[in-house]
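**Student:** Quick mapping for you: the protein sequence lines, in order, are chains A and B. Numbered according to the numbering used here, the first sequence spans residues 420 to 693. Numbered according to the numbering used here, the second sequence spans residues 49 to 476.
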Amino acid sequence: MILFIHSVNVLLPLIYGVALGMYAWHFFQNTSKIGEYASRALLTAIVLHLVYLVSQGVHFRIFPVATIFASMSMFALNISVIYLIIERISKDRKTGIFFLIIIFCFQLCSSMLITFESPTNSILSNSMFGIHTTLTLFGVSALAISALYSIMYLMLAKEIKRHRFGLIYDGLPALETLENMSRYATGAGIIFLGAGLFTGHLWSYKVLGYFFKYDVKIIASDVAWFFYLFGWILVKIRHLHGLKMSRVAIGGFLAFIIILFVANFVDTTFHSFI
Amino acid sequence: MSDTIIAVSYNYQNTPVELRDKVALSDDEAKQFIRAAMEGQGEIKELAIISTCNRTEIYAVLREPGHFFDWVTDQYQHLKQVNLKTESADPTILYNAHAIEHLFGVAGGLKSMMLGENQILSQVKSSYELILSLPYSFPILNRLFQDAVRVGKSVRTNTHLCKGAVSISLAAADLTRKIYANFSKLKVLLVGAGETTELTAVHLRAIGVVDFIIANRGEERRKVLAEKFNAKAISLDEIPSALTQVDIAIVATKSKDYLITHDMVKKSLSERKQGSFLIIDISSPRNVDPLVGDLPQIYLYNINDLDKVVAENLEKRKKELPVANEIVREIAAEFREWFKTLEVVPTISRLSGYFEHIRDQELGKFKYKTTEQEFQKMDDLSRKIIRKLLHYPIKELREQNNNGNLTVSKIDTLWDLYRLKSFKKDKE
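1) Residue range of the alpha helix (DSSP H) that Phe631 (chain A) falls in?
2) What does Asp259 (chain B) pair with, by DSSP beta-bridge criteria?
3) For Glu476 (chain B) and Phe414 (chain B), I'd like the C-alpha separation in whole angstroms.
4) In chain A, which residues lie less than 9 Å from Asp353 (chain B) when you measure between Cβ atoms?
5) Could you tell me which chain A residues have their CB closer than 7 Å to the CB of Asn230 (chain B), listed as they occur along the chain?
6) Would you list the one or two residues that DSSP bridges to Phe325 (chain B)?
7) So which residues of chain B does His658 (chain A) contact, with C-beta pairs closer than 7 Å?
8) Closer than 7 Å, CB to CB, is Lys79 (chain B) near chain A or not?
9) Within 10 Å of its beta-carbon, does Leu439 (chain A) have 16 or more other beta-carbons around it, so buried, or fewer, so exposed?
10) From the DSSP output, in three-state form, read off Ser57 (chain B) for me.
11) Quick one: Cα of Ala85 (chain B) to Cα of Glu382 (chain B), how far?
12) Let's see if you can read the secondary structure: which residues bound the beta strand (DSSP E) around Thr104 (chain B)?
13) Assign Leu429 (chain B) to buried or exposed, taking buried as 16 or more other Cβ atoms, counted over all protein chains shown, within 10 Å of its Cβ.
14) Look at Asn497 (chain A) and Leu556 (chain A) and say whether their C-beta atoms are less than 7 Å apart.
15) Would you call the CB atoms of Ala495 (chain A) and Gln475 (chain A) closer than 7 Å?
16) For Val357 (chain B) and Lys302 (chain B), what's the separation of their Cα atoms in angstroms?
17) Could you tell me the boundaries of the alpha helix (DSSP H) in which Glu94 (chain B) lies?
18) Under a CB-based cut-off of 7 Å, is Pro344 (chain B) close to chain A?
19) Name the DSSP beta bridge partners of Leu142 (chain B), please?
20) Report the neighbours of Arg431 (chain B) on chain A: residues whose CB is nearer than 8 Å to its CB, in chain order.
21) With H, G and I counted as helix, E and B as strand and the rest as coil, what does DSSP make of Ile550 (chain A)?
22) For Phe387 (chain B), tell me which candidate among B:Val299, B:Ile459 and B:Asp353 has the shortest Cα-Cα distance.
23) What does DSSP give as the partner residue(s) for Val299 (chain B) in the beta ladder?
24) Could you list which residues in chain B have their beta carbon closer than 7 Å to that of Glu455 (chain A), in chain order?
25) Using C-beta distances below 8 Å, list every residue in its chain close to Cys210 (chain B), excluding the 5 sequence neighbours before and after it, in chain order.
26) With 7 Å set as the bound, which would you pick, yes or no: does the beta-carbon of His669 (chain A) sit closer than that to a beta-carbon of chain B?
27) Could you check whether the Cβ of Ser324 (chain B) sits closer than 7 Å to any Cβ belonging to chain A?
28) My understanding is that Val299 (chain B) touches Leu307 (chain B), with C-beta atoms under 8 Å, so please give their C-beta distance in whole angstroms.
29) Pairing CB atoms from the segment 505 to 523 of chain A with CB atoms from the segment 450 to 463 of chain A, are three or more of them under 8 Å?
30) State the CB to CB distance for the pair Ile227 (chain B) and Ser324 (chain B), rounded to an integer number of angstroms; the pair is presumed to be in contact (CB under 8 Å).
31) Within a Cβ cutoff of 7 Å, which residues of the same chain sit near Tyr568 (chain A), ignoring the five residues on either side of it in sequence?
Below you can see the structure in the form of structure tokens.
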């Protein structure tokens, strides 16, 4: 089993890389056949990724997001699944390249740095932990997707403003579509992340007896979530559209990632109490 | 000899518009043409007609090519009272491979006046549906038109020949599509009530825009256009307040001043609840201050910008021609391959005739050298030998044809082996 897990760990970034290459080809050359192959490659990667995570769970008897690098892999999978669903619904593969860049980078980083060890802390085997991490990662993935759509929005808006009708103009959907997708993704991100953080607190209360345990990552995540919520309300109240909303979404996600990185730098464990 | 496919084409390249109007056929007239062809005792086996504003084309399958154009001329005289002889009509007449590739090119939009035009494919489909609605059999044209529709779809899917706007008003509609997604919620301000404004409004309505405001100096024209588009009519003084409500503004007047100024738009931005604002200035001289384009969320295009878009799109379409032509050639080759396999019946009959001819020739040498009884026996024997010799080749030809394994090269080989083409000439 461990040999299989190690092999798939090497294989996954390769398949995501191949899918990225094909999505890039499809974007630049507009070859629909290549787009179909890219989609199939991504589906293959997702299936393999699921098998890989289940195998880890079975072998190590742990929900496979116990470390930051395991979480990165789960994050890559979440974005892949969400993107593939969007692709199947919208029947548009031109935005694939933007998502696959993130997916590939995260999986590559995870595959290179992950260490496979049996859990030393029984808390990580708790089912509540699984729900907490799944919801949180889904939330973060949705926020990342929102930021990606916002980046696409800004790119396309710039092209239209400058009267340039190149690859970006031909390849991306309408500004309003990108704005809506970003808006929905942000909403979903805030809900999932909020639910993830809340279950985390609940879990902390059940296991440790504290609803709020002092931990730099918990504080950082809670603060970031509140800022996101504040930003969302601001966008709603002030009727922010297009450019402003996109800037808020990108800025929010960047700030969130920076906060998490700093928090991770301060405390390299999953949480200070695990 | 096998059937011949012929195309008689009156199009924008060879026929002036006055004559094109005369030779254009409505669906009912086309049906009369087809009925006349199918119920006549002439050489026409099948007939179909494509008739649009830019072309009227008659496609037919003939037993023997020869007097088809005369028949067409007679029919026009008879059914439409149009005398093509006095009109000095000079249509393009194409046969077989050329006719096939021509129809495929038409369906693909390669032959259209506006390269890559989309409407022609539905017109080819309509012509196809028309022959299907009639109580006659069109085995060859059925397949030919099916393949033509296939070419049309393939060109549109696999190339960019039909993509990108190639007129100012379409370019405006294209820009709208690139900025907005929900067209039914859009509110459009049309400043000016001229032809260009109206045409742009028509294109916008075609993509789903329903809410229009029309601003024009002349009250009468303003009201006429407002009625046409079920729109609200306003005077030019009301433009500033309209700017706060609309998503798109199309400006096309003959005014020499800016009707939409930088300050006007800047002020409207603070009151607007909408997001992006597309302003298209098709006027010359410009009616929208160019500085408006510097404001956030404003996408300003003037006539030069749109002309550039149109020119770029036409250039892009031209670049797609080689790929589109390749699609036409590929599907035409497939059709010809299929069409040639229909020659199995003439091949069998020619082969039997060839063997019978040799038998007659050789038997004739003994006619006066043998008794009648002996000659009869020789005749029976030779007939049986030929029948047995031909039994398996004919059976195999039929089976291969039924299974779809009979290729053009196999038939050609057979014709070459027995010199079947020259055999008929000899006999004639």
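Heads up, the beta-carbon is just placed ideally off N, CA and C, and yes, glycines get one too.
**Tutor:** The short version:
1) Looking at the DSSP string, Phe631 (chain A) is not in any alpha helix (DSSP H), and its letter there is neither H nor E.
2) B:Lys235
3) Its pLDDT being 40, under 50, Glu476 (chain B) is placed unreliably in this model, and the value from its coordinates should be taken loosely. Between Glu476 (chain B) and Phe414 (chain B), the C-alpha separation is close to 24 Å.
4) His582
5) Glu595
6) B:Ile346
7) Lys321
8) no
9) buried
10) strand
11) 27 Å
12) Arg103 to Leu110
13) exposed
14) yes
15) no
16) 23 Å
17) Note, Glu94 (chain B): premise wrong, no alpha helix (DSSP H); beta strand (DSSP E) at Ile92 to Ser99.
18) yes
19) B:Ala55
20) Going along chain A, no residue has its Cβ under 8 Å from Arg431 (chain B), so there is no contact; the nearest lies around 58 Å.
21) helix
22) B:Ile459
23) B:Val239 and B:Asp329
24) By Cβ distance, chain B contributes nothing, its closest Cβ being about 12 Å from Glu455 (chain A), past 7 Å.
25) Gly157, Gly164, Glu165, Asn166, Val203, Arg204 and Arg365
26) Checking the sequence, you will find Ile at residue 669 (chain A) rather than His. Taking Cβ atoms only, chain B never reaches closer than 7 Å to Ile669 (chain A), which makes this a no.
27) yes
28) 6 Å
29) yes
30) 5 Å
31) Leu597, Met600, Ser601 and Ala604
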